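Residue numbers (our numbering): 16 to 166.
Using N, Cα and C, we set each Cβ at its ideal position, and we do this for glycine too.
It should be emphasised that the depicted structure is a prediction, and the values quoted were computed from it without experimental measurement.
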């Protein structure tokens, strides 16, 4: 399990995280909806990846298609791997007190794997969308359990 997705492939997990975060940050009133919502999202992701040179191009195009004005950092959080520490250039570790927002810079600023992530979004769109849907379904179960625990 990487980044909260049921895969051990880092590229697929990062691709799924991009789709997940933009999906969760979208304006639900203006974006894809209805019975064919996931079909639309899959087509939008594939089309955005087809014409993209890197992650930035994909994100800009996909956000526009799915009616997402900006990415909400709340959805970038990943409780499994969240850390409150940073490694400095000299090798020392600086830790932070309290909860910090996560902005996913390790994904958005991944120049080394950027083209590979976009290629994965184009050539493996179906599995990426299924990874996102799987995570959303698992989150629904946890949300329902939290409501039951509060009662």
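Classification of residue i by the beta-carbon crowding that lies within 10 angstroms, buried from 16 upward
{"i": "residue 50", "result": "exposed"}
{"i": "residue 96", "result": "At residue 96, the pLDDT of 41 sits below 50, so the modelled position is not reliable; the number obtained from the coordinates is stated separately. Residue 96 comes out exposed."}
{"i": "residue 54", "result": "exposed"}
{"i": "residue 170", "result": "Only positions 16 to 166 of the chain appear in this structure, which leaves residue 170 out of reach."}
{"i": "residue 156", "result": "exposed"}
{"i": "residue 43", "result": "exposed"}
{"i": "residue 106", "result": "exposed"}
{"i": "residue 153", "result": "exposed"}
Element boundaries [alpha helix (DSSP H), containing residue i]
{"i": "residue 59", "result": "52–65"}
{"i": "residue 138", "result": "129–138"}
{"i": "residue 20", "result": "Taken as a continuous stretch (DSSP letters only), residue 20 belongs to no alpha helix (DSSP H), as it is neither H nor E."}
{"i": "residue 42", "result": "Where residue 42 is concerned, there is no enclosing alpha helix (DSSP H), given that its DSSP letter is neither H nor E."}
{"i": "residue 104", "result": "First-last for residue 104: undefined, no H or E at that position."}
Beta-carbon proximity of residue i to residue j, cut-off 8 Å
{"i": "residue 38", "j": "residue 56", "result": "yes"}
{"i": "residue 58", "j": "residue 82", "result": "no"}
{"i": "residue 142", "j": "residue 60", "result": "no"}
{"i": "residue 18", "j": "residue 28", "result": "yes"}
Using 8 Å as the cut-off, can you tell me whether the region 74–83 makes contact with the region 139–154, which would need three or more C-beta pairs spanning the two stretches below that distance? no
Can we say the region 62–69 touches the region 123–138, given the rule of at least three CB pairs closer than 8 Å? yes
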